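Structure first, commentary second.
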Amino acid sequence: MRRIRELLARLGRGARSSEPPVIDVDDPDLHVVVEAFDDAEAASTALARAPHWQPDRPAVLRHYLSLPSTDTESVATLLHEDGWTVRESVHGPIPEEPANTSDGEQATTVIALRVQRLDALHCAQASARMAGLAQRFRGRALGWDALQPGQAN
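Residue numbers (numbering that gives the first Met the number 0): 0 to 152.
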């Protein structure tokens, strides 16, 4: 019985070798393959106009959120539970738009990113999650982009 399990385990490893390689969010060879910063544009439309998007490859999905500075840690904690990495944005492809902060409160742009499958359904689900979360914390979801290894667009 043990030999059968070992054999099956080895066969399973061989089958997994055809899976796309795992990518790192900090890989310097990643390039933006799609951007979506228009609230009215569907994720399927954004992906359809992305000539360098490789649907069979993993991608780093990045969502940009403008949040009150006092709430960024709370938002980061919630997103970490879903496997997102959250970083403060020092610059980005989006214009600075303030969050719905109270008088004198500073807004901060953060980026939530994770490696995931990049398709219209998953992008739309993530966008809805980010919009709801940002609104809950008096912020705003600004849009998203995705990166994959390969040539830049």
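Glycine included, every Cβ here is placed at the ideal spot set by N, Cα and C.
Predicted model, so just to flag it, every value in this text is computed and none were measured.
For residue i, which three-state DSSP category applies?
{"i": "Asp144", "result": "strand"}
{"i": "Gln115", "result": "strand"}
{"i": "Ala35", "result": "strand"}
{"i": "Ala160", "result": "Given a span of 0 to 152 for the chain in the structure shown, any question on residue 160 remains unanswerable."}
{"i": "Glu80", "result": "helix"}
{"i": "Gln105", "result": "coil"}
{"i": "Ala98", "result": "Model confidence at Ala98 stands at a pLDDT of 49, short of 50, so the residue's coordinates are unreliable; what they give is reported in the following sentence. DSSP places Ala98 in coil when its eight states are reduced to three."}
So residue i is in the beta strand (DSSP E); what residue range does that whole segment cover?
{"i": "Ala58", "result": "Ala58 to Pro67"}
{"i": "Glu87", "result": "Thr84 to Glu87"}
Going by C-alpha to C-alpha distance, which of the options sits closest to residue i?
{"i": "Gly138", "options": "His79, Ala145, Arg128 and Asp144", "result": "Arg128"}
{"i": "Thr84", "options": "Asp25, Asp37 and Ala123", "result": "Asp25"}
{"i": "Glu40", "options": "Leu141, Leu60, Leu146 and Ser65", "result": "Leu141"}
{"i": "Arg35", "options": "Asp118, Leu29 and Asp55", "result": "A quick correction: the sequence has Ala, not Arg, at residue 35. For Ala35, the nearest C-alpha among the options comes from Asp118."}
{"i": "Arg113", "options": "His79, Phe136 and Ser88", "result": "His79"}
{"i": "Thr108", "options": "Ser126, Pro57 and Leu64", "result": "Leu64"}
{"i": "Ala125", "options": "Ser88, Leu29 and Val59", "result": "Val59"}
{"i": "Leu66", "options": "Ala111, Asp81 and Trp52", "result": "Ala111"}
{"i": "Leu29", "options": "Pro57, Ser68, Gly131 and Arg48", "result": "Pro57"}
{"i": "Asp55", "options": "Thr71, Ala145 and Arg116", "result": "Arg116"}
{"i": "Glu104", "options": "Asp38, Ser68, Leu120 and Gln134", "result": "Ser68"}
{"i": "Asp70", "options": "Arg135, Arg48 and Pro50", "result": "Arg135"}
Where DSSP assigns a beta bridge to residue i, which residues make up the other side?
{"i": "Thr71", "result": "Looking at the DSSP assignment, Thr71 forms no beta bridge with any residue, so it has no partner."}
{"i": "His30", "result": "Gln147"}
{"i": "Ala42", "result": "Per DSSP, none; premise fails for Ala42."}
{"i": "Ile110", "result": "Tyr63 and Arg86"}
{"i": "Arg128", "result": "Note: Arg128 sits in no beta bridge, so no partner."}
{"i": "Arg139", "result": "Ser65"}
Compare the C-beta of residue i with all C-beta atoms of chain C and state if any pair is closer than 7 Å.
{"i": "His51", "result": "Among the chains in the structure shown there is no chain C, since it carries only a single protein chain."}
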